[in-house]
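Written below as structure tokens is the structure these notes are about.
Residue numbers (the working numbering): 66 to 416.
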């Protein structure tokens, strides 16, 4: 997906003479009025808005902007190859946009070209369909079974993502515990110890996987977490726990994009680095919520970390307000809410 995003970013930076990704995203996400687009511009706009990490700072603005483009009914899909359509599927799932006609067309192309799609792309397809709650689509079960059977050929990080997908399905009673057991055994039986880089997405995904496999450790101190021996996956915990402890520590230290080994190269123990205050710039929605809470004299902590989650406002009685909430709701081009993402369910389950 990165190649499509980079190409679109370069195309749009040149088109608008805007030098940085952040400035370009702000312009397209807030200020620019889209004309009736040709197919080329349409594709680049959608890729950029849906695949850039800048979308996370814009609440639901990116979702509405892409829906605005889709509602132009530009028949751009016919001009896209299979790789481009997979990238489009990933972008729609990032913003939780469910355009049934578009998604069905993409799924048909995927099914007819499945033999030529590599493991990484199949995993992206599976993850995207799950985020859009399309687990009942025939292509989902087909790819899920294929990846289960080819699990040992994935790289380490992709295995974690696939395990995360499958354990969510297990909690939804879609797959059996035996499938999880078989995947964990393959994961544990890898001959070579993986040298781990504790980058941000790895940490959160690995910890979430541990929560899915061992729900009883959620409320425990991660330094001495102990799952129940009645948990059927208990025998795997000892081999999984070391990476879990380090990932949780890195999250707590807010090392951001700096990997844990960065500090070791500087001859500084990263565990001794003080926890940084989260100083993200508040969005308009966050400021509005802040004003309401103050007007109602409701006590709160802002920009709090609960377990591995960054929450915007933490109120009494364990009430959480997240201002990127609209992104957790799946919406169709008619602006109707038709469901919510597994991520939304995950956060709710652990509070």
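C-beta atoms are modelled at their ideal positions from N, C-alpha and C, and glycine is treated no differently.
**OP:** Give the single residue among 293, 384, 142 and 155 whose Cα lies nearest to the Cα of residue 115.
**Re:** Stepping through the chain shown from its first residue, residue 115 is reached at position 50. When only C-alpha atoms are compared, the closest one is 155.
Original post:
So, using beta-carbon positions, are residue 226 and residue 188 closer together than 8 angstroms?
Top reply: The residue labelled residue 226 in the question sits at position 161 within the chain shown. The residue labelled residue 188 in the question sits at position 123 within the chain shown. Going by C-beta atoms, residue 226 is nearer than 8 angstroms to residue 188.
Original post:
Which partner residues of residue 378 appear in the DSSP bridge assignment?
Top reply: Counted from its first residue, the chain shown places residue 378 at position 313. DSSP lists 367 and 386 as partners of residue 378.
Original post:
Does the Cβ-Cβ distance between residue 363 and residue 350 come in under 8 angstroms?
Top reply: Looking up residue 363 in the chain shown gives position 298. Looking up residue 350 in the chain shown gives position 285. No, Cβ-Cβ distance for residue 363 and residue 350 is not below 8 angstroms.
**OP:** Just the C-alpha distance for residue 248 and residue 215, rounded to the nearest angstrom, thanks.
**Re:** What you label residue 248 is simply residue 183 of the chain shown in a count that begins at 1. What you label residue 215 is simply residue 150 of the chain shown in a count that begins at 1. The straight-line gap from Cα to Cα measures roughly 10 angstroms.
Subject >> Straight-line gap, residue 105 to residue 393 (C-alpha atoms, nearest Å) >> reply: Here residue 105 refers to the residue found at position 40 of the chain shown. Here residue 393 refers to the residue found at position 328 of the chain shown. Rounded to whole angstroms, residue 105 to residue 393 spans 29 angstroms at the Cα level.
Original post:
How many angstroms separate the CA atom of residue 73 from the CA atom of residue 157?
Top reply: Taking the chain shown and counting its residues from 1, the one referred to as residue 73 is at position 8. Taking the chain shown and counting its residues from 1, the one referred to as residue 157 is at position 92. Going by the C-alpha atoms only, they are around 16 angstroms apart.
**OP:** Consider the C-beta atom of residue 166 and the heavy atoms of the ligand FAD; say whether any pair is separated by less than 7 angstroms.
**Re:** No copy of the ligand FAD occurs in the structure displayed, which carries no ligand at all.
Original post:
When the Cα of residue 367 is compared with those of 145, 388, 361 and 235, which residue comes out closest?
Top reply: For the purposes of this step, residue 367 is taken as residue 302 along the chain shown, with counting starting at 1. The candidate whose alpha carbon is nearest that of residue 367 is 388.
Subject >> residue 396 - partner residues in DSSP beta bridges >> reply: The sequence position of residue 396 within the chain shown is 331, counting from 1. DSSP, once it has assigned bridges, lists 162 and 402 as partnering residue 396.
Original post:
So residue 95 packs on residue 68, CB below 8 angstroms; how close in whole Å?
Top reply: As a first step, residue 95 is located in the chain shown; it is residue number 30 there, counting from the start. As a first step, residue 68 is located in the chain shown; it is residue number 3 there, counting from the start. About 27 angstroms; that fails the 8 angstroms criterion.
**OP:** Give every residue of the same chain whose Cβ lies closer than 7 angstroms to the Cβ of residue 235, excluding the five residues on either side of it in the sequence, and list them in chain order.
**Re:** Numbered from 1 along the chain shown, position 170 holds the residue referred to as residue 235. If we look at residue 235 and ignore the five residues flanking it on each side, its Cβ neighbours are 242 and 245.
Subject >> N- and C-terminal bounds of the alpha helix (DSSP H) containing residue 237 >> reply: Translated into positions along the chain shown, residue 237 becomes position 172. No alpha helix (DSSP H) holds residue 237; DSSP gives it neither H nor E.
Original post:
When you compare only the Cα positions, how much space is there between residue 307 and residue 204?
Top reply: By one-based count along the chain shown, residue 307 stands at place 242. By one-based count along the chain shown, residue 204 stands at place 139. Taking the straight line from one Cα to the other gives about 36 angstroms.
Original post:
So, residue 272 versus residue 373, is the Cβ gap smaller than 8 angstroms?
Top reply: Within the chain shown, residue 272 is the residue found at index 207, counting from 1. Within the chain shown, residue 373 is the residue found at index 308, counting from 1. Yes, Cβ-Cβ distance for residue 272 and residue 373 is below 8 angstroms.
Subject >> Nearest neighbour of residue 286, chosen from 182, 311, 89 and 162 [CA to CA] >> reply: The count along the chain shown starts at 1 and reaches residue 286 at position 221. Out of 182, 311, 89 and 162, 311 has the C-alpha closest to the C-alpha of residue 286.
Original post:
How long is the line joining the alpha carbons of residue 407 and residue 275, rounded to whole angstroms?
Top reply: Along the chain shown, read from residue 1 onward, the residue named residue 407 stands at position 342. Along the chain shown, read from residue 1 onward, the residue named residue 275 stands at position 210. Spanning the two alpha carbons is a distance of roughly 16 angstroms.
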